[in-house]
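Our numbering puts the first residue of the sequence shown at 462, with every later residue one more than the last.
Even for Gly, the Cβ is constructed at its ideal location relative to N, Cα and C.
These numbers come from a predicted model, not from an experiment.
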Amino acid sequence: MLAWLNIGFCKPGGGQLNLALHKQSSQTSTWSSGRAQASSAVDGIRTGEYYSCDSCTHTHAENNPWWMVDLGQHFLINEVVISNRNGINSRRLRNFKIEISEHGSLNGTMVNPILCAERSDPQPGGSTVSYPCTSGAVQGRYLQIRLMYYEILTLCEVQVFGPYYGMNFP
Ligand SMILES: [Ca+2]
462 MLAWLNIGFC KPGGGQLNLA LHKQSSQTST WSSGRAQASS AVDGIRTGEY YSCDSCTHTH
522 AENNPWWMVD LGQHFLINEV VISNRNGINS RRLRNFKIEI SEHGSLNGTM VNPILCAERS
582 DPQPGGSTVS YPCTSGAVQG RYLQIRLMYY EILTLCEVQV FGPYYGMNFP
């Protein structure tokens with residue numbers, strides 16, 4: 462199911478249980494020390510207002526930049542929802558993969574990853590888009606979003622959902 466909407470306020474959104482909220486996150490690089498931290502994508506604020514809300518990540522321009530979250534334990538995951546920044550730079554979010562692993566990563570490369578979803582076309586600016594895992598629910602603890610080209614990766618929010626919300630699988 463593809464759904465998107467515009468969020469224009471610097472405040473958290475509600476809804477079903479988001480497995481990624483406030484979980485430990487990392488990224489290949491951070492544009493500036495005071496802003497654009499990896500945690501900005503899991504702070505519960507979905508707005509695409511990069512400058513006024515300080516709630517979006519931002520790497521340097523580099524080859525295949527990635528952002529990653531550790532959900533803390535294993536979950537079944539069947540949907541990832543990404544909020545993109547608004548404005549002309551929203552086009553940077555294209556040609557990317559969402560992968561899930563039970564084992565984490567080695568120097569940024571996911572270990573035995575399973576593909577959840579991928580997109581090649583630029584995602585709408587300021588949008589919040591649902592990416593269902595194309596082959597059904599995937600079990601894992603680590604989720605990575607990676608651009609497959611040289612660019613800056615910016616994510617304003619990443620929400621992760623499973624078919625059994627809050628139920629963990631040891
Ligand atoms: Ca955010």
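Euclidean distance between Cα positions of residue i and residue j
i	j	result
S490	A481	20 Å
I549	D515	17 Å
F630	Q488	Confidence in F630 is poor, its pLDDT being 49 and thus under 50, which makes the residue's placement unreliable; the coordinate value appears in the next sentence. Cα-Cα distance, rounded: 26 Å.
N547	R507	11 Å
E563	A499	20 Å
I538	L554	22 Å
W465	Q600	Residue placement at W465 cannot be trusted, given a pLDDT of 44 that sits under 50; what the coordinates show is reported in the next sentence. Cα-Cα distance, rounded: 25 Å.
T595	S513	35 Å
A598	N573	16 Å
V542	I559	11 Å
Y611	Y625	36 Å
N479	Q605	16 Å
V621	E540	6 Å
I468	G565	With a pLDDT of 42 at I468, under the threshold of 50, the modelled position of this residue cannot be trusted; read the value that follows with caution. Each residue's alpha carbon lies about 31 Å from the other.
M628	V619	Residue confidence for M628 is low, a pLDDT of 49 falling below 50, so the modelled location carries little weight; the figure read from the coordinates is stated next. If you take the alpha carbons of M628 and V619, they lie about 19 Å apart.
I575	D531	15 Å
Heavy atom of ligand 1 within 6 Å of residue i beta-carbon
i	result
D582	no
I506	yes
S588	no
E579	no
S551	no
S516	yes
S486	no
C594	no
S494	no
E523	no
E612	no
S501	yes
E510	no
E560	no
E563	no
Expected contact under 8 Å - CB spacing of residue i and residue j to nearest Å
i	j	result
T615	S544	Between S544 and T615 the Cβ distance is about 10 Å, and since that is not below 8 Å, they are no contact.
H521	W492	6 Å
For residue i, the nearest candidate out of the options (CA to CA)
i	options	result
H483	L567, V503, R602, Q605	V503
E579	V599, L608, P624, G601	L608
Y592	G495, G623, T518, L532	G623
I613	E510, Q477, L478, C517	C517
M571	G509, R496, W527	W527
N568	D582, M529, C617	M529
C617	Q485, S581, S551, D582	S551
D582	N556, Q485, L532	N556
Chain C contact for residue i (CB, 7 Å cutoff)
i	result
E612	The chain labelled as chain C is not found in the depicted structure, where only one protein chain is given.
(message) Which complete alpha helix (DSSP H) runs does the region 504-538 hold, if anything under 4 residues is left out?
(response) Segments of the alpha helix (DSSP H) lying fully in the region 504-538: 511-514.
(message) Suppose only complete runs of 3+ residues qualify. What are the beta strand (DSSP E) ranges in the region 537-564, listed by chain order?
(response) 540-544, 557-562
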